[in-house]
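Student: My questions will all concern the structure given below.
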Amino acid sequence: MSNKQDTSLFRKDLFVQALKDSFIKLNPVLLIKNPVIFIVGIGSVLTTITVISGIFSGTFSSFNFQIAVWLWFTVLFANFSEAIAEGRGKAQAESLKKNRTQTLARKMVGNKEEKVAAPELKKGDVVVCEAGDLIPSDGEVIEGIASVDESAITGESAPVIRESGGDRSAVTGGTKVISDRILIRITSESGDTFIDRMIALVEGAQRQKTPNEIALSILLSGLSIIFLLAVVTLPAFFGYSLSASGLPQSQNLTIPVLIALLVCLIPTTIGGLLSAIGISGMDRLLQRNVIATSGRAIEAAGDVDVLLLDKTGTITLGNRMATNFFPADEVRETDLAHAAQLSSLSDETPEGRSIVILAKEKFGWRGHDIHQKSVVFIPFTAQSKMSGVDITDWKGIVHQIRKGSSEAIRSFVLNGNGFFPKKMEEKVAELARMGATPLVVAEDNKVLGVIQLKDIVKGGIKQRFAQLRTMGIRTVMITGDNVLTAAAIAAEAGVDDFMAEATPEDKLMRIREEQGKGHLVGMIGDGTNDAPALAQADIGIAMNSGTQAAREAGNMVDLDSNPTKLIEVVEVGKQLLMTRGALTTFSIANDVAKYFAIIPAIAVFLYAKGNGVGPLSALNVMHLGSPESAILSAVIFNAIIIVMLIPLALKGVNYVPMSANKALIKNLFIYGLGGVIAPFAGIKLIDLIINLFA
Numbered sequence: 017m018s019n020k021q022d023t024s025l026f027r028k029d030l031f032v033q034a035l036k037d038s039f040i041k042l043n044p045v046l047l048i049k050n051p052v053i054f055i056v057g058i059g060s061v062l063t064t065i066t067v068i069s070g071i072f073s074g075t076f077s078s079f080n081f082q083i084a085v086w087l088w089f090t091v092l093f094a095n096f097s098e099a100i101a102e103g104r105g106k107a108q109a110e111s112l113k114k115n116r117t118q119t120l121a122r123k124m125v126g127n128k129e130e131k132v133a134a135p136e137l138k139k140g141d142v143v144v145c146e147a148g149d150l151i152p153s154d155g156e157v158i159e160g161i162a163s164v165d166e167s168a169i170t171g172e173s174a175p176v177i178r179e180s181g182g183d184r185s186a187v188t189g190g191t192k193v194i195s196d197r198i199l200i201r202i203t204s205e206s207g208d209t210f211i212d213r214m215i216a217l218v219e220g221a222q223r224q225k226t227p228n229e230i231a232l233s234i235l236l237s238g239l240s241i242i243f244l245l246a247v248v249t250l251p252a253f254f255g256y257s258l259s260a261s262g263l264p265q266s267q268n269l270t271i272p273v274l275i276a277l278l279v280c281l282i283p284t285t286i287g288g289l290l291s292a293i294g295i296s297g298m299d300r301l302l303q304r305n306v307i308a309t310s311g312r313a314i315e316a317a318g319d320v321d322v323l324l325l326d327k328t329g330t331i332t333l334g335n336r337m338a339t340n341f342f343p344a345d346e347v348r349e350t351d352l353a354h355a356a357q358l359s360s361l362s363d364e365t366p367e368g369r370s371i372v373i374l375a376k377e378k379f380g381w382r383g384h385d386i387h388q389k390s391v392v393f394i395p396f397t398a399q400s401k402m403s404g405v406d407i408t409d410w411k412g413i414v415h416q417i418r419k420g421s422s423e424a425i426r427s428f429v430l431n432g433n434g435f436f437p438k439k440m441e442e443k444v445a446e447l448a449r450m451g452a453t454p455l456v457v458a459e460d461n462k463v464l465g466v467i468q469l470k471d472i473v474k475g476g477i478k479q480r481f482a483q484l485r486t487m488g489i490r491t492v493m494i495t496g497d498n499v500l501t502a503a504a505i506a507a508e509a510g511v512d513d514f515m516a517e518a519t520p521e522d523k524l525m526r527i528r529e530e531q532g533k534g535h536l537v538g539m540i541g542d543g544t545n546d547a548p549a550l551a552q553a554d555i556g557i558a559m560n561s562g563t564q565a566a567r568e569a570g571n572m573v574d575l576d577s578n579p580t581k582l583i584e585v586v587e588v589g590k591q592l593l594m595t596r597g598a599l600t601t602f603s604i605a606n607d608v609a610k611y612f613a614i615i616p617a618i619a620v621f622l623y624a625k626g627n628g629v630g631p632l633s634a635l636n637v638m639h640l641g642s643p644e645s646a647i648l649s650a651v652i653f654n655a656i657i658i659v660m661l662i663p664l665a666l667k668g669v670n671y672v673p674m675s676a677n678k679a680l681i682k683n684l685f686i687y688g689l690g691g692v693i694a695p696f697a698g699i700k701l702i703d704l705i706i707n708l709f710a
């Protein structure tokens, strides 16, 4: 995205700020939010007190000092991982803040304009914007149509159309009108605009731990308590062994040693990286132009297995355009086109406008040709599914011209004691099978013909749905079209299932039905009628081009308004879950390996014979130089492994579509086995270096 800043891990200002924040996060109030690292922090304080006490008592120990230093490094490295992730988000937020311009708004007061500062606008105010004007705040177009440059939000330079009366009515503050004139009703209070919420979310100010994070934190805390109990018992066992070996009790494990052992054995690796993993998931979505309003939504995206998509504007381009007139027998095309134009003048939908335009282009007619006649316009409504006009001729006879769905016109004609020609029924069915939308025109009780509306399936979407299928996600297209039209579009788009003639209540019921079967449901939509379903779904992705109601209802907003973006959202969600699972596996495997690496090394002197070699030395398979170097090596490794894994936590484990079982086996092999091997290799290398310079 062109307006995104570089958020490289090694960017100087980002790195420096993260270092500063690492020290700020030493505040116990902040540190206690991460229980595992809080335990390390307490251990660092106790070890430091021991070192200071040794200085004053004349028993200073460089070994204890080094342990204290590396324990503090462990805490700082864990804080750094969280700070660097937050810093990347803040860098994105700074980029967004630059898009907020303090400008004057042209507020409508009665029929007059009044210039006011944009922050003074209130919800419900109406403003006018013309070419060159910045849209002062979030709102919905209530009159007119215009091209809008949304590059400040999406980074895309191509202008988009925003118009009243459809699902492309929402506009965002900070974007620019580049043609025509529109009236906008403000839908957000100052400080609560879309940009404001984006900044708050990106900065992490509103980020809360997800249920999975909370559950994992509880598990890690439980493991830490278990290891704490294990470490507390070690002095008693060592004391007994020292007595049995004839060694003085002064050689028993000291507090710094016990703290070092505890820190090495508790899951500090995942504890230090857990927050960074969650924050980076939101950041990776933002890099794909998707704003997530909660970490829970990102996690759920990784598990979603049913996806419901609104057809119009989501699977198709959404601009159903009139392309042909098909007159009935003994009806001229000009008569059909004229009636179609007249009946569409009060239809404010894009489809109605396209019919007027087609008639104008074919025959050169204009709407003002009938303005002098005695007419009553019948506007289109979702309930009637018709629009039309009642024209009173010079004899005083009222002629009713209607245009609408075949079902609505059939009822209209039959109620007038007319009939619906079989040939027209066949044409309606034929167009529906082709994926077109047929609209029928009638005058009084006579069917004049059919209008063909054609909606275009978005390019490449069939391949994307096939990719979703390999991920185990079932796609369901939802549309208000009739069954035949829906089936044709579904086949062309490549979805797994479809719902035709669906109402908002039907969408809501379908989502609840799927959720009742244990499925996690994703919903993509852009219209006000999609809002209930977006709110009910586990993942509700609203198109940024859609209505304000849809954007408010969803828990994600796609700034590019690209329905195939769900694939990337799912990948980020799966990446988040896999990364957390992989690093948790690695961390716990690390702990097990460190336990078997350290404990034998510090017990080699027990039961030793004259040559200083005891029976427990056989367990020292790594042949570490001394108990002190073994402990110090483990503490150093424990600290630096956090830093080494920060790039992986931020970038995420590479996702390849595969079954859950295969992914589990792969991660166990890579991160489980790797977690066991890494400490043995790392601790041995550090031990060699320490003994080399000892």
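Numbers given in our numbering equal positions in the sequence shown, counted from 1, plus 16. Glycine residues also receive a C-beta, built at the ideal position from the N, C-alpha and C atoms.
(1) Could you spell out where the beta strand (DSSP E) holding residue 416 opens and where it closes?
(2) What are the residues that DSSP puts in a beta bridge with residue 85?
(3) Going by the DSSP bridge assignment, what does residue 121 pair with across the sheet?
(4) Who does residue 340 pair with in a DSSP beta bridge?
(5) Identify whether residue 508 lies in helix, strand or coil by the three-state DSSP scheme.
(6) Any idea what DSSP makes of residue 637, helix, strand or coil?
(7) Would you give the residue range spanned by the beta strand (DSSP E) that residue 300 belongs to?
(8) What distance in whole Å lies between the Cβ atoms of residue 608 and residue 83, which are believed to be in contact at a cut-off of 8 Å?
(9) Identify which residue in 655, 206, 181, 162 has its Cα closest to the Cα of residue 196.
(10) Quick one: grab the DSSP three-state call for residue 474.
(11) For residue 295, count neighbouring Cβ atoms within 10 angstroms of its own Cβ and tell me buried if that reaches 16, exposed if not.
(12) Compare the C-beta of residue 52 against all C-beta atoms of chain C and say whether one is closer than 8 Å.
(13) DSSP puts residue 496 in a beta bridge; with which residues?
(14) For residue 155, I'd like the list of residues in its chain whose CB is within less than 6 Å of its CB, leaving aside the five on either flank, ordered along the chain.
(15) Can you tell which of 489, 706, 616 has the C-alpha that lies nearest to the C-alpha of residue 316?
(16) Is DSSP giving residue 309 helix, strand or coil here?
(17) Would you call residue 53 buried or exposed, if buried means 16 or more other Cβ atoms sit within 10 Å of its Cβ?
(18) Does residue 450 come out as helix, strand or coil in the three-state DSSP assignment?
(19) What does DSSP give as the partner residue(s) for residue 559 in the beta ladder?
(20) Comparing alpha-carbon positions, which option in 193, 550, 127, 184 lies nearest residue 152?
(21) So which of 521, 516, 583 has the shortest CA-CA distance to residue 485?
(22) Looking at the secondary structure, which residues open and close the beta strand (DSSP E) in which residue 201 lies?
(23) According to DSSP, what are the bridge partners of residue 159?
(24) DSSP three-state call for residue 403: helix, strand or coil?
(25) Should residue 695 go down as buried or exposed, given a rule of 16 or more other Cβ atoms within 10 Å for buried?
(26) Give the range of the alpha helix (DSSP H) segment to which residue 1 is assigned.
(27) Taking 8 Å as the threshold (C-beta atoms), are residue 359 and residue 403 in contact?
(28) Starting from residue 166, follow the beta strand (DSSP E) in both directions and report where the run begins and ends.
(29) Can you give me the Cβ contacts of residue 164 inside the same chain, cut-off strictly under 8 Å, excluding the 5 residues immediately before and after it?
(30) Is it the case that the Cβ atoms of residue 571 and residue 313 are separated by a distance below 8 Å?
(31) Between residue 671 and the rest of its own chain, which residues show a CB-CB distance below 8 Å, the 5 nearest in sequence each way excluded?
(32) State the DSSP-derived secondary structure class of residue 487, mapped to helix, strand or coil.
(33) According to DSSP, is residue 668 part of a helix, a strand, or is it coil?
(34) Terminal residues of the continuous beta strand (DSSP E) containing residue 514?
(35) What does a CB cutoff of less than 7 Å around residue 378 pick up in its chain, not counting 5 residues either side in sequence?
(36) Under DSSP, the alpha helix (DSSP H) around residue 153 begins and ends at which residues?
Tutor: In brief:
(1) One-based indexing of the sequence shown puts residue 416 at position 400. Start and end: 414-420.
(2) Position 69 of the sequence shown holds residue 85. DSSP, once it has assigned bridges, lists no residue as partnering residue 85.
(3) As a working mapping, residue 121 is identified with position 105 in the sequence shown. In the DSSP output, where bridge partners are listed per residue, residue 121 has 132.
(4) Here residue 340 refers to the residue found at position 324 of the sequence shown. BP columns for residue 340 point to 468.
(5) Here the question's residue 508 lines up with position 492 in the sequence shown. Three-state result, residue 508: helix.
(6) Residue 637 sits at position 621 when you count from the first residue of the sequence shown. Looking at residue 637 - three-state DSSP - the assignment turns out to be coil, as it is neither helix nor strand.
(7) Start at 1 with the first residue of the sequence shown, and residue 300 comes out as number 284. Not the beta strand (DSSP E): residue 300 falls in the alpha helix (DSSP H), residues 284-303.
(8) Locating residue 83 in the sequence shown gives position 67, where the first residue counts as 1. Locating residue 608 in the sequence shown gives position 592, where the first residue counts as 1. Not quite, the Cβ-Cβ distance comes to about 22 Å (not below 8 Å), so this is no contact.
(9) As a working note, residue 196 is residue 180 in the sequence shown. Comparing Cα positions, the closest option is 162.
(10) To locate residue 474, count along the sequence shown from 1; it is residue 458. It is coil, neither helix nor strand.
(11) Taking the first residue of the sequence shown as 1, we reach residue 295 at position 279. Label assigned to residue 295: buried.
(12) Of the protein chains in the structure, only one exists, and it is not chain C.
(13) For the purposes of this step, residue 496 is taken as residue 480 along the sequence shown, with counting starting at 1. DSSP lists no partner for residue 496.
(14) Position 139 of the sequence shown, counted from the start, is the residue given in the question as residue 155. Closer than 6 Å at Cβ, skipping near neighbours: 187, 200, 201, 202, 203.
(15) The residue you call residue 316 lines up with position 300 of the sequence shown. Here the closest residue by C-alpha is 489.
(16) Your numbering for residue 309 matches position 293 in the sequence shown. In the structure shown, residue 309 sits in coil (DSSP, three-state: anything other than H, G, I, E or B).
(17) Counting from 1 along the sequence shown, the entry for residue 53 is found at position 37. Under this definition residue 53 is a buried residue.
(18) Translated into the one-based positions of the sequence shown, residue 450 becomes position 434. Coil at residue 450, not helix or strand.
(19) The count along the sequence shown starts at 1 and reaches residue 559 at position 543. Paired residues: 574.
(20) One-based indexing of the sequence shown puts residue 152 at position 136. Taking only the C-alpha atoms, the option nearest residue 152 is 193.
(21) The residue labelled residue 485 in the question sits at position 469 within the sequence shown. Answer by Cα proximity: 583.
(22) The count along the sequence shown starts at 1 and reaches residue 201 at position 185. Element bounds for residue 201: 197-202.
(23) Numbered from its first residue, the sequence shown carries residue 159 at position 143. Bridge partners of residue 159: 199.
(24) Taking the first residue of the sequence shown as position 1, residue 403 is located at position 387. In this structure, residue 403 counts as strand in the three-state DSSP scheme.
(25) Against the sequence shown, residue 695 aligns to sequence position 679. Under this definition residue 695 is a buried residue.
(26) Because the chain spans 17 through 710 in this model, residue 1 falls outside it and cannot be assessed.
(27) Translated into the one-based positions of the sequence shown, residue 403 becomes position 387. Translated into the one-based positions of the sequence shown, residue 359 becomes position 343. Yes, they are a contact pair.
(28) One-based indexing of the sequence shown puts residue 166 at position 150. That residue, residue 166, is in no beta strand (DSSP E); it is neither H nor E in DSSP.
(29) As a position in the sequence shown, residue 164 is number 148, starting the count at 1. Counting only Cβ-Cβ distances below 8 Å, and skipping sequence neighbours, we find 151, 175, 176, 177, 178, 187, 191, 192, 193, 194.
(30) On the sequence shown, position 555 is the one that residue 571 refers to. On the sequence shown, position 297 is the one that residue 313 refers to. Cβ distance < 8 Å, so residue 571 and residue 313 count as in contact.
(31) Working through the sequence shown from its first residue, we reach residue 671 at position 655. 587, 590, 591, 594, listed in sequence order.
(32) If you number the sequence shown from 1, residue 487 lands on position 471. DSSP places residue 487 in coil when its eight states are reduced to three.
(33) Looking up residue 668 in the sequence shown gives position 652. In the structure shown, residue 668 sits in coil (DSSP, three-state: anything other than H, G, I, E or B).
(34) Along the sequence shown, read from residue 1 onward, the residue named residue 514 stands at position 498. Note, residue 514: beta strand (DSSP E), 513-515.
(35) By one-based count along the sequence shown, residue 378 stands at place 362. So the list reads 353, once near-sequence residues are dropped.
(36) Here residue 153 is taken as the residue at index 137 of the sequence shown, counted from 1. Run containing residue 153: none; DSSP gives neither H nor E here.
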